[in-house]
Amino acid sequence: MAKKEINEKTFELNITSELLNLSKSFLWYLQESPVYQKIPPTVFQDLLKKSTFFAEGLTQKEEANIESGGYDVSINFPAANGIENRLMILQFKSGSRCQFSKLEGSLFEKSKNTDPEHVLYSFNDDSQKSQHATLRALADKGDIKPESVMYVFPRVTEKSDFYSKVGELLYHTSFVPVKELDRQAELKDKIIVNGKRHKFRVNYNGNKSEVNLLLLLLDPNPNILNDILSELICVQIERFVKIISIEDLDFYQEIIEAIRVAIINFVENYASYDTLLPKVMNGSSIKIEVNKYLDQLINSPNNIPFAPSKYTTIIPLNGLKMEFDKTIDLSKVAYQIF
Numbered sequence: 385m386a387k388k389e390i391n392e393k394t395f396e397l398n399i400t401s402e403l404l405n406l407s408k409s410f411l412w413y414l415q416e417s418p419v420y421q422k423i424p425p426t427v428f429q430d431l432l433k434k435s436t437f438f439a440e441g442l443t444q445k446e447e448a449n450i451e452s453g454g455y456d457v458s459i460n461f462p463a464a465n466g467i468e469n470r471l472m473i474l475q476f477k478s479g480s481r482c483q484f485s486k487l488e489g490s491l492f493e494k495s496k497n498t499d500p501e502h503v504l505y506s507f508n509d510d511s512q513k514s515q516h517a518t519l520r521a522l523a524d525k526g527d528i529k530p531e532s533v534m535y536v537f538p539r540v541t542e543k544s545d546f547y548s549k550v551g552e553l554l555y556h557t558s559f560v561p562v563k564e565l566d567r568q569a570e571l572k573d574k575i576i577v578n579g580k581r582h583k584f585r586v587n588y589n590g591n592k593s594e595v596n597l598l599l600l601l602l603d604p605n606p607n608i609l610n611d612i613l614s615e616l617i618c619v620q621i622e623r624f625v626k627i628i629s630i631e632d633l634d635f636y637q638e639i640i641e642a643i644r645v646a647i648i649n650f651v652e653n654y655a656s657y658d659t660l661l662p663k664v665m666n667g668s669s670i671k672i673e674v675n676k677y678l679d680q681l682i683n684s685p686n687n688i689p690f691a692p693s694k695y696t697t698i699i700p701l702n703g704l705k706m707e708f709d710k711t712i713d714l715s716k717v718a719y720q721i722f
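In this note's numbering, the protein residues as written are 385 to 722.
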């Protein structure tokens, strides 16, 4: 593999920033509504203060479970205004450009593909070759939503290209939940095992990918970015409405309908990226999923429901506490809280 021009931390900082900026961008469209002037500025200030990712590494306490031979892991972060935080475990990977694959049976064989150029990544490439099993163990914990543990593969390989795409990196990134990778492997009687480094290949459009050690040709979810953004937007709306409920404002339904209009305007702007994306990623699914949650808010003004929780895990106000087998090393895993 050629030398990588962009490190994983650079991708992590920029892509998480883009996710959060997009998730709260409905606020800017809300300014066009007459209801905007009625909302105290402190409401917006409180929400914007919470809209940042906080990254931390997992630590283990081996002495905690002597009888079971395991250890406890605690995930805690102070919750502002009594509003629960969300957890995502994002394993970023940087790749390098490859003109074609020499592996027989690959999607990117030069002899079988008119456009074999792609991005090549390594995963399960830690010193013990057990990274995937560690992430799988996290995804299998009942306290954690399985699809909130995922690989992030930015399809950007040169610094010049990176600089030109800052602010739009999300549209050039493949998100692959760890359990989805395992599920597709199992369907084809394959398994990603410890002790072996694997190569993940994806074309620059993101619509063809494979794990080449297994010759596992993946069926990528073309709508996953929209699904993730829908959920994050709903989380921001949930927080916004909870802050409003603390203020005890008397125009709750008017605010919800103003948010609905703001989402429509956001989606219309988001759809302008159609030139970069497949047609299925035009933002319509975002409007559908967010409207479902807005309908729940309209119907439950006195008991605000949680936003969807598929790609994010709700951290209870008293934190998450989980037990793991002592043989699993979580010391290299970082998690993102927002």
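Glycine included, every Cβ here is placed at the ideal spot set by N, Cα and C.
CA nearest to the CA of residue i, picked from the options
i, options, result
"Lys671", "Phe635, Glu615, Ile712, Ser693", "Glu615"
"Pro731", "Ile647, Leu487, Ser506", "Residue 731 falls outside the range modelled here, since the chain spans only 385 to 722, and no answer is possible."
"Arg644", "Ser409, Ile627, Phe461, Lys433", "Ser409"
"Ser684", "Tyr588, Gln637, Ser544, Met706", "Gln637"
"Val533", "Leu519, Arg539, Asp527", "Leu519"
"Arg581", "Lys422, Ala517, Ile399, Asp430", "Ala517"
"Leu414", "Phe635, Ser558, Phe650, Gly441", "Phe650"
"Phe708", "Leu442, Pro424, Leu403, Ile621", "Leu442"
"Asn596", "Ser401, Glu493, Thr436", "Glu493"
"Phe507", "Glu531, Glu392, Tyr420", "Glu392"
"Ser669", "Gln680, Glu652, Leu681", "Glu652"
"Thr400", "Phe437, Leu432, Glu416, Tyr420", "Phe437"
"Lys374", "Asn469, Val457, Tyr420", "Outside the shown range of the chain (385 to 722) lies residue 374, about which nothing can therefore be said."
"Glu416", "Ala646, Gly579, Ala439, Thr498", "Ala646"
"Leu613", "Leu404, Lys388, Gly579, Leu397", "Leu404"
"Val717", "Tyr535, Asn398, Gln421", "Tyr535"
"Tyr588", "Gln421, Gly479, Leu565", "Gly479"
"Lys387", "Asp509, Asp632, Tyr505, Lys525", "Tyr505"
"Ser715", "Leu411, Trp412, Val457", "Val457"
Residue i - containing beta strand (DSSP E), residue span
i, result
"Arg539", "Unbroken run through Arg539: none, as it is neither H nor E."
"Ser407", "No beta strand (DSSP E) contains Ser407, which is instead part of the alpha helix (DSSP H) from 392 to 407."
"Ile473", "469 to 476"
"Phe492", "Segment: none, Phe492 is in no beta strand (DSSP E) and carries neither H nor E."
"Glu389", "Segment: none, Glu389 is in no beta strand (DSSP E) and carries neither H nor E."
"Val503", "502 to 507"
"Ser480", "480 to 482"
"Phe438", "438 to 441"
Spatial neighbours of residue i in its chain, beta-carbon cut-off 6 Å, leaving aside the 5 residues before and after
i, result
"Ile630", "none"
"Leu598", "Lys574"
"Ile648", "none"
"Pro662", "In this prediction, Pro662 scores a pLDDT of 44, lower than 50, which makes its location untrustworthy; the coordinate-derived value is nonetheless stated afterwards. Contacts found: Pro606."
"Ala521", "Ile712"
"Gln483", "Glu501"
"Pro692", "Glu615, Cys618"
"Ile467", "Arg623, Lys626"
"Pro530", "Ala523, Lys563"
Alpha-carbon to alpha-carbon, residue j and residue i
i, j, result
"Val625", "Tyr695", "21 Å"
"Glu594", "Asn702", "40 Å"
"Phe537", "Met472", "15 Å"
"Ile583", "Gln512", "Here the sequence assigns Lys to residue 583, which means Ile is not the residue at that position. Their Cα atoms are separated by approximately 16 Å."
"Thr394", "Ser495", "35 Å"
"Leu406", "Thr541", "23 Å"
"Val577", "Asp430", "45 Å"
"Tyr654", "Gly667", "6 Å"
"Ile390", "Phe476", "12 Å"
"Asn610", "Pro561", "14 Å"
"Ser490", "Pro462", "48 Å"
"Ile608", "Phe559", "7 Å"
"Pro418", "Asn686", "24 Å"
"Arg585", "Ala569", "15 Å"
"Ser548", "Glu440", "29 Å"
"Val674", "Gln515", "34 Å"
"Gly551", "Leu397", "12 Å"
"Pro425", "Phe722", "21 Å"
"Phe546", "Val503", "14 Å"
"Glu641", "Glu402", "26 Å"
"Leu553", "Lys710", "37 Å"
"Arg481", "Lys676", "41 Å"
"Asp632", "Gln421", "16 Å"
"Arg539", "Lys525", "30 Å"
Spatial neighbours of residue i in its chain, beta-carbon cut-off 7 Å, leaving aside the 5 residues before and after
i, result
"Lys572", "Leu600"
"Ile459", "Leu471, Ile699, Gly703, Leu704, Tyr719"
"Ser733", "The displayed coordinates of the chain run from 385 to 722. Any statement about residue 733 would go beyond what the structure contains."
"Pro604", "Ser558, Gly590, Asn591, Ser593"
"Glu447", "Here Glu447 scores only 47 on pLDDT, less than 50, and its place in the model is too uncertain to base an answer on."
Delimiting residues of the alpha helix (DSSP H) encompassing residue i
i, result
"Leu515", "Reading off the sequence shown, one finds Gln at residue 515, where the question assumed Leu. First-last of the alpha helix (DSSP H) with Gln515: 515 to 523."
"Phe410", "410 to 414"
Residue-level contact to chain B via CB, residue i, 8 Å cutoff
i, result
"Leu600", "Given the protein chain composition of this structure (a single chain), no chain B is represented."
8 Å CB neighbourhood of residue i in its chain, flanking five on each side removed
i, result
"Ile528", "Leu471, Ile473, Leu522, Thr697, Leu704, Met706"
"Ile628", "Ile423, Val427, Tyr636, Ile639"
"Ile688", "Glu622, Val625, Lys626, Ser629, Leu681"
- prompt: Of all the alpha helix (DSSP H) runs that stay within the bounds of the segment 530 to 611, which reach a length of 4 or more residues?
  reply: With a minimum length of 4 residues, the continuous alpha helix (DSSP H) runs that stay inside the segment 530 to 611 are 543 to 549, 562 to 571.
- request: Could you name each continuous alpha helix (DSSP H) segment of 4 residues or more that falls completely within the segment 654 to 722, going from the start of the chain to the end?
  value: Taking only runs of at least 4 residues, the alpha helix (DSSP H) segments lying wholly in the segment 654 to 722 are 668 to 683.
message: As an exercise, report each continuous alpha helix (DSSP H) stretch of at least 4 residues that is fully enclosed by the segment 617 to 661, in chain order.
response: Correct list: 636 to 654.
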